[in-house]
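In what follows, a structure is listed as C-alpha cells, so that the remarks can point back to it.
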Amino acid sequence: MSVEITLIEMLGSVPHWLAVLIMGAIPVSELRGAIPIAMGIYGMGPLEAFFFSVLGNLLPVIPLLLFLEPVSNYLRRYSVFDTFFTWLFSKTRRNHTESFEKYGLLALTIFVAIPLPATGAWSGCAAAFVFGVKFRQALPAIAAGVMIAGIVVTAVTVTGIGLADMILGA
1260 MSVEITLIEM
1270 LGSVPHWLAV
1280 LIMGAIPVSE
1290 LRGAIPIAMG
1300 IYGMGPLEAF
1310 FFSVLGNLLP
1320 VIPLLLFLEP
1330 VSNYLRRYSV
1340 FDTFFTWLFS
1350 KTRRNHTESF
1360 EKYGLLALTI
1370 FVAIPLPATG
1380 AWSGCAAAFV
1390 FGVKFRQALP
1400 AIAAGVMIAG
1410 IVVTAVTVTG
1420 IGLADMILGA
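With the numbering used here applied, the sequence shown covers 1260 to 1429.
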C-alpha cells in the first residue's frame, strides 16, 4: 500500500481541506503529494489545493527553524543520535556545500522548490541549520521555494488531469 493511500485512509474522517493541510505539513508527502491528492481525489480546484497545501507545508517551517538546533544539541548527548547527526551533517555538507557557497540563499530556495523526493521545506530547514543560515534569511528563502514548488506541482497536476480527461474522454 502506498504512503498516499495510507494517508488518505487515515485522514478519511476529517474535512478534505484539513486532510490536505495535514498532508502538506508532514515530511512524507509535503505539498508534492498534497496537491495531486487534493485535486485528483478530493476534487478541489487548483487555487484551493494550492492554498491548503502550501499553508500546510509552511506550518512546520518556523518551529523547525527555531528548534532544530536545540533539539539536535540535546539529542547529541546520546551516541546513537550523535552518530546519526554527524552522518547527516557530513552528507549534507558534502552534497551541497559547493552550491550553497556559489549561490547562497538562492541555492536554498531552489533546493526547496525542486519537486523531487528528499527536497522540500523539511529538508530545506535541515540544510539551513547545517549551513548556519539565520532564521531571518532562511524563512523567506524556504517560503519562496515552497511557493515555487506549489506553482510547479499545481501546474503539472492540472496538466496531468487535463490530459487524462482528454485521453479517457471524461
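Glycine is no exception: its CB is placed at the ideal position from the N, C-alpha and C atoms. Source: prediction; values computed, not measured.
Here the C-alpha atom of residue 1288 lies approximately 23 Å from the C-alpha atom of residue 1355. Looking at the backbone, the Cα of residue 1318 and that of residue 1401 are separated by about 12 Å. Nearest to residue 1345 by alpha-carbon distance, out of 1374, 1311, 1385, is 1385. Residues of the same chain with a CB within less than 6 Å of the CB of residue 1311, apart from the 5 flanking positions on each side, are 1276, 1279, 1280 in chain order. Straight-line spacing of the CA atoms in residue 1336 and residue 1350 works out to 20 Å.
Just so you know, the alpha carbons of residue 1395 and residue 1424 end up roughly 44 Å apart. In the DSSP assignment, residue 1262 falls within the unbroken alpha helix (DSSP H) covering 1262-1269. Boundaries of the alpha helix (DSSP H) harbouring residue 1426: 1394-1427, taken from the DSSP string.
Contact check between the stretch 1405-1422 and the stretch 1372-1381: three or more CB pairs, one atom from each, fall below 8 Å, which counts as touching. Measuring C-alpha to C-alpha distances from residue 1347 to each of 1412, 1388, 1301 identifies 1388 as the nearest. Per DSSP, the unbroken alpha helix (DSSP H) holding residue 1321 starts and ends at 1320-1334. Residue environment for residue 1295: buried (at least 16 other C-beta atoms within 10 angstroms of its C-beta).
DSSP, reduced to helix, strand and coil, places residue 1303 outside both helices and strands of the structure shown, so it counts as coil. Shown here, residue 1374 sits in coil according to DSSP, grouped into three states, outside any helix or strand.
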